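Numbering-wise (my numbering), the sequence shown opens with residue -16 and increments by one. Note that the Cβ used here is the ideal one computed from N, Cα and C, for glycine as well. Everything numeric in this text was worked out from a predicted model, so none of it was measured. Notes follow the structure.
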Amino acid sequence: MPYLPEHDEVPNPLSAGLRAATTPEPCAVVVFGASGDLAHRKLMPAFYNLALGGHLPGAFGVVGVAITDFDDNKFRAEMREAVGKFSRIKPVQEEVWQDFADGMRYVNGGFDDPATFQKLKAKLEELDHTRATRGNRLFYCATPPSTFAMILKGLKDAGLIYPPNHPCYSRIVVEKPFGHDLASARALNKMVLEVLDEKQVFRIDHYLGKETVQNLMVLRFANSIWEPLWNNKYVDHVEITAGEELGIEARGKYYEEAGILRDMIQNHVLQLVTLTAMEPPVAFDADAVRDEKLKVLRAIRPIIGPDEVAQSVVVGQYTAGSIFGADVAGYRQEANVAADSRTPTYVALKLLINNWRWDGVPFYVRSGKRLPKRATEIAVHFKPLPHSLFGAGATQPNVLVVRVQPEEGIALRFSAKVPGERYRPRTVSMDFRYGTAFGSASPEAYERLLLDAMRGDQTLFTRKDEVEAAWKLVDQILRVIESPEAPRLCEYEAGSWGPSEADQLLSLDGRAWRRL
């Protein structure tokens, strides 16, 4: 029998996961790069779904800014098509859409042109008058990092950035990648904070908006059964996987510069590590949560120099293979990829956290492209029994699995007796699934994060020192694997779970990756 909430309230699929918080103040959201893929696939569908669920303020507007030659009506039509295609709730309800679209405006212009920001200012003042947005502004940079300086200068020169103590608010949301390495991240932070206060900056990582990632904190800190076990006395090791069956698609130029460590480890995967390993915060507010996450990043043992990298890091690159029965090309055969590229598309790491809770417990993390399926999960492996009453190998250690995607949920593996006269244990699973338990699909990550940014809640956004601490760890590895004396880049066939060397990383410790 599936788990059901212990109350009689019927879940509302339009507001599941978002009801507890307050509606934001009236505001206008400005999307720079509004004609791009992110706005089409994620941002506009998220805003529409928030409107559909009644979570947007009654006084609300969206202004798109891009070089594409749209006007207001063309922009509305383009976004209507995108919402119809990418919204998680279909079909589009025309009455809701029409009210939402009435607040949409568009500014055509380059980010390096002061006239663009004067036109934007006029559109925002129009929304203040026609939609009562009261001067509150949320600026979203759905653009490459190279444009941030231009956008910030344009906003500042046009008088669109308010000081923190102003009666109206101005905030900015910055997409990843936040820098290319530690030096560039520090420079970017310095540039942003010359214009804005830290409390006005929302560095977004969409993994933190996923329901199961947030539920990890509830699982740990709202249940008394886990805290006594969540330490090196009972946990043998922790395994974190973030895999994709997709290749690089049309992003060859970007991926050649980024690679898997910059694209996934520095942000998404290290966020999962911090949430798994952090101490209970003193309060559930932005700074208290981020303080504890920062402590984890600072406690991770640095991986410095070729010898330590060889012992703790495996990097790989996919070759031609098969995904779901279809032949796919190798990485070096992808468009805009060098024929002799050494860019890693897979990485496995062994991380050690030097604090009292986790001393001696390895965190094995892996992430890669062209793996057999899309899967992100955290598996906490508990220690084996000191003595088995039912014979060697009869029982397996308990495992708690938090599935982040695609089937969001939590599973606990434990031993139970097979029916019959003999005592024959078998591993079984107690499985909680979000869709089954609450009767609705979880809201998209961007819905939660956009709503929090409008509310000014930074809990699920990364702070300056947190970003730099993550880069410091990754930078030390990059210096080795991108040096002339870099270790061998292991090959793995597309459709496999990575190179055999990644299996050896665990087998040397007497462990093995979970079969997903």
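Assuming contact is defined by CB atoms lying nearer than 8 angstroms, are Glu360 and Val330 in contact in what I supplied?
Counted from its first residue, the sequence shown places residue 360 at position 377. Counted from its first residue, the sequence shown places residue 330 at position 347. Against a cut-off of 8 angstroms, the Cβ pair of Val330 and Glu360 comes out as no contact.
For Pro402, report the span of its alpha helix (DSSP H) as first-last.
Counted from its first residue, the sequence shown places residue 402 at position 419. Segment: none, Pro402 is in no alpha helix (DSSP H) and carries neither H nor E.
Would a C-beta distance cut-off of 8 angstroms place Trp401 and Ile393 closer than the cut-off?
As a first step, residue 401 is located in the sequence shown; it is residue number 418 there, counting from the start. As a first step, residue 393 is located in the sequence shown; it is residue number 410 there, counting from the start. The residue asked about is misnamed: residue 401 is Val in this sequence, not Trp. Cβ atoms of Val401 and Ile393: not closer than 8 angstroms.
Three-state secondary structure (DSSP) of Arg497
Along the sequence shown, one-based indexing puts residue 497 at 514. The answer is coil: DSSP assigns Arg497 none of H, G, I, E or B.
What residues are listed by DSSP as bridge partners for Met87?
Looking up residue 87 in the sequence shown gives position 104. Paired residues: Val45.
Taking the Cβ atom as the reference point for each residue, do Pro7 and Met437 lie within a distance shorter than 8 angstroms?
By 1-based counting over the sequence shown, the position of residue 7 is 24. By 1-based counting over the sequence shown, the position of residue 437 is 454. Yes, the Cβ-Cβ distance between Pro7 and Met437 is below 8 angstroms.
For Met261, three-class secondary structure by DSSP
For the purposes of this step, residue 261 is taken as the residue at position 278 of the sequence shown. Looking at Met261 - three-state DSSP - the assignment turns out to be coil, as it is neither helix nor strand.
Among Arg498, Leu39, Pro367, nearest to Val218 - alpha-carbon criterion
Translated into the one-based positions of the sequence shown, residue 218 becomes position 235. Considering only alpha carbons, the answer is Pro367.
Nearest to Asp20 by CA position, among Val175, Asp95, Phe69, is which residue?
Sequence index remark: in the sequence shown, residue 20 carries index 37 (1-based). Looking at the Cα atoms, Phe69 is the closest of the given residues.
Can you give me the C-alpha to C-alpha distance between Arg51 and His189, rounded to a whole angstrom?
Along the sequence shown, one-based indexing puts residue 51 at 68. Along the sequence shown, one-based indexing puts residue 189 at 206. A small fix is needed here, since residue 51 is Thr in this sequence, not Arg. Taking the straight line joining both Cα atoms gives about 26 angstroms.
Using the three-state DSSP reduction, which class does Ala485 fall into: helix, strand or coil?
Locating residue 485 in the sequence shown gives position 502, where the first residue counts as 1. Ala485 falls in the helix class under three-state DSSP.
How is the alpha helix (DSSP H) around Gln294 delimited, first residue to last?
For the purposes of this step, residue 294 is taken as residue 311 along the sequence shown, with counting starting at 1. Segment 288 to 295, the alpha helix (DSSP H) holding Gln294.
Taking the alpha helix (DSSP H) that Arg281 falls in, what are its first and last residues?
Position 298 of the sequence shown holds residue 281. Unbroken alpha helix (DSSP H) run through Arg281: 269 to 282.
Mind the definition here: the region 315 to 326 touches the region 255 to 266 only if three or more C-beta pairs lie below 8 angstroms; say whether that holds.
no
With burial defined as no fewer than 16 other Cβ atoms inside 10 Å of the residue's Cβ, what is the status of Gln81: buried or exposed?
Within the sequence shown, residue 81 is the residue found at index 98, counting from 1. Classification of Gln81: exposed, given that the 10 Å Cβ count is below 16.
Grouping DSSP H, G and I as helix and E and B as strand, with all else coil, what is Ile464?
Your numbering for residue 464 matches position 481 in the sequence shown. Helix at Ile464.
State the Cα-Cα distance for the pair Ile144 and Ala11, rounded to the nearest angstrom.
Locating residue 144 in the sequence shown gives position 161, where the first residue counts as 1. Locating residue 11 in the sequence shown gives position 28, where the first residue counts as 1. Computed Cα separation, rounded: 13 angstroms.
Pairwise C-alpha distance: Gln300 and Gln249
Stepping through the sequence shown from its first residue, residue 249 is reached at position 266. Stepping through the sequence shown from its first residue, residue 300 is reached at position 317. Cα-Cα distance, rounded: 18 angstroms.
Which residues DSSP lists as bridging Lys333, in chain order:
Numbered from 1 along the sequence shown, position 350 holds the residue referred to as residue 333. In the DSSP output, where bridge partners are listed per residue, Lys333 has Tyr347.
So what's Gly313 in DSSP terms, helix, strand or just coil?
Start at 1 with the first residue of the sequence shown, and residue 313 comes out as number 330. Correct three-state label for Gly313: coil.
C-beta contact flag for Thr302 and Glu474 at 8 angstroms:
Translated into positions along the sequence shown, residue 302 becomes position 319. Translated into positions along the sequence shown, residue 474 becomes position 491. Pairing Thr302 with Glu474 gives a Cβ-Cβ distance under 8 angstroms.
Do Gln101 and Ala141 come within 8 angstroms of each other at the CB atom, strictly closer than that value?
By 1-based counting over the sequence shown, the position of residue 141 is 158. By 1-based counting over the sequence shown, the position of residue 101 is 118. Contact: yes.
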